[in-house]
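Here is the structure we will look at.
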Amino acid sequence: MPKFSANLSMLYPEHAFIDRFAAAAADGFRAVEYLGPYDHPPEDVAAILRQTGLQQILFNLPSGDWAAGERGILCLPDRRAEFREGVETALRYAAALGCRQVNALAGIAPAGMDPVSLDQVMAENLAYAAPRLADAGIRLLVEPINTRDIPGFHCARVDHALRVMDMAGHANLWLQYDFYHAQIMQGDLVPTFQRHQGRIAHIQIADHPGRHEPGTGEINHRFLFAELDRLGYDGWVGCEYKPLGRTSQGLDWMTQHGVAP
Ligand SMILES: O=C(O)[C@@H](O)C(=O)CO
Ligand SMILES: [Mg+2]
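Sequential numbering of the sequence shown, starting at 1, is according to full-length UniProt numbering.
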C-alpha cells in the first residue's frame, strides 16, 4: 500500500492553516506537505510538527506573489536574484522542519517571451539550486502543472520538465509527478510513471474533473495504487485534492480503495 501525506494547502480548508496539522494527525496521517510555511516562523511550524508527530515531507520554494496570481518564478528572467534568496529561505525552513524535498514551480510565461529562453532561465536556476540543496541532503523537485487550471504555466508536461532538468545537468533534480495534472495534459499515467520511475521523487493525486477525492472522477485510483505497489514505488503520495465536504468524512475514499492514511 502506498504511504499517503496530507496536503494542507488543500485538505482541511474548514480549519485555519495552523490547525490543519492536528486535524491530519487525528485522521491518522503521518506526513504533511503544503505550498509553503513562509507565513509562520520556522520554530512555530517545527513545534507543531513535534506536537503532532507529523513528518514534513515537501513544500515549495518561495513562488512569487501568490495573491497577485504568480505561480512560481523559476522561469522568470528578471527574478533570478529573488529565486536565489528563496533557496536560502527554503534551506532555513527545511533545516528547522526536517524536510528533505522542495518543489520549484516554473511560473507563468511572460507574454511574448521566447519559450526557449525561459527554459534556459529555468535550467540556470535549477543548476544553481540543485547542488546547494544536495549539500543539505534536500532533493529539488520540478512539477509539471496543467494549463487549464493555470493558463500560461510554462512547464506543463512531463517530457518538458525532464528536458529542462537535463539541460541543468545535476543529479539532484527530481520529478514531482502529479497524476491530476498529467491526466489533463497527456493521460498515459502508468506508462509515463514506469518510463521515468527512477527520476520521480514524489507523487500527488486528485480525481478529474473537479480535483476532488479519488473515486469522484475518471481516474482509476485503485489500479494506480496497485501499480505503484507492483512497481515498487516507495515515495510518498500526496493527497492534494479539494474535499467535496468536510475533509475527515471525505476520507472514506481510502477504505473504498483498500488504503489507509
Ligand atoms: O499541483 C499543485 O497545484 C501543487 O502541487 C503546487 O505545488 C502548485 O500549485
Ligand atoms: Mg501538485
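Built from N, CA and C at the ideal position, the CB exists for glycine as well.
Proximity test, residue i beta-carbon vs ligand 2 heavy atom, cut-off 7 Å
| i | result |
| --- | --- |
| Asp207 | no |
| Gln186 | no |
| Gln101 | no |
| Glu33 | no |
| Glu213 | no |
| Gln204 | yes |
Residue i: CB within 7 Å of a non-hydrogen atom of ligand 1
| i | result |
| --- | --- |
| His181 | yes |
| Glu240 | yes |
| Leu173 | no |
| Asn60 | yes |
| Leu244 | no |
| Pro108 | Before going further, note that residue 108 is Ile rather than Pro in the sequence given. No, ligand 1 has no heavy atom inside 7 Å of this Cβ. |
Nearest to residue i (by Cα), restricted to the options the options
| i | options | result |
| --- | --- | --- |
| Gln120 | Asp78, Gly69, Glu218, Gly86 | Asp78 |
| Asp27 | Asp252, Leu175, Gly64, Gly258 | Asp252 |
| His221 | Gly235, Gln183, Ala201, Gln56 | Gln183 |
| Gln55 | Ala129, Ala25, Gln197, Ser248 | Ala25 |
| Glu82 | Asp178, Leu61, Pro261 | Leu61 |
| Arg132 | Ile108, Val102, Tyr241, Gly250 | Val102 |
| Gly217 | Gln197, Asp159, Tyr241 | Tyr241 |
| His257 | Arg230, Glu213, Val164 | Glu213 |
| Ala161 | Asp229, Tyr233, Phe21, Ala106 | Ala106 |
| Leu175 | Phe225, Pro209, Ala130, Arg84 | Ala130 |
| Gln194 | Asp65, Ala156, Pro243, Glu227 | Glu227 |
| Asp178 | Cys155, Arg84, Arg80, Arg100 | Cys155 |
Sequence-distant residues of the same chain with beta carbon closer than 8 Å to residue i, five excluded per side
| i | result |
| --- | --- |
| Glu43 | Ala96 |
| Val87 | Leu61, Tyr128, Ala129, Arg132, Leu133 |
Rounded C-alpha distance that separates residue i from residue j
| i | j | result |
| --- | --- | --- |
| Gly72 | Pro144 | 12 Å |
| Ile138 | Phe153 | 25 Å |
| Thr147 | Leu49 | 34 Å |
| Phe17 | Ser9 | 8 Å |
| Asp135 | Tyr180 | 32 Å |
| Ala123 | Gln249 | 42 Å |
| His170 | Arg199 | 12 Å |
| Val142 | Cys75 | 12 Å |
| Leu35 | Pro151 | 19 Å |
| Glu70 | Arg230 | 38 Å |
| Gly53 | Val45 | 12 Å |
| Gln186 | Arg157 | 7 Å |
| Ala31 | Ile57 | 6 Å |
| Asn172 | Leu140 | 6 Å |
| Gly215 | Pro209 | 11 Å |
| Leu11 | Thr192 | 27 Å |
| Asp66 | Tyr93 | Reading off the sequence shown, one finds Trp at residue 66, where the question assumed Asp. Those two C-alpha atoms are separated by around 19 Å. |
Close Cβ partners of residue i (< 7 Å) along its chain, the five nearest in sequence each way excluded
| i | result |
| --- | --- |
| Arg246 | Glu14 |
| Met254 | Ala260, Pro261 |
Exposed unless 16 or more other CB atoms sit within 10 angstroms - verdict on residue i
| i | result |
| --- | --- |
| Phe4 | buried |
| Phe29 | buried |
| Ser63 | buried |
| Leu118 | buried |
| Ala90 | buried |
| Pro37 | buried |
| Val164 | buried |
| Gly232 | exposed |
| Phe223 | exposed |
| Gly235 | buried |
| Arg20 | buried |
| Asp207 | buried |
| Pro243 | buried |
| Ala68 | exposed |
Close Cβ partners of residue i (< 6 Å) along its chain, the five nearest in sequence each way excluded
| i | result |
| --- | --- |
| Gly238 | Ser5, Asn7, Glu33, Gln204 |
| Asp149 | none |
| Val190 | Glu227 |
Near ligand 3: residue i beta-carbon under 7 Å from a heavy atom
| i | result |
| --- | --- |
| Asp178 | Of the ligands this structure carries, namely ligand 1 and ligand 2, none is ligand 3. |
8 Å Cβ cutoff, residue i in contact with chain E
| i | result |
| --- | --- |
| Glu88 | Checking the listed chains, one finds no chain E in this structure; it contains a single protein chain. |
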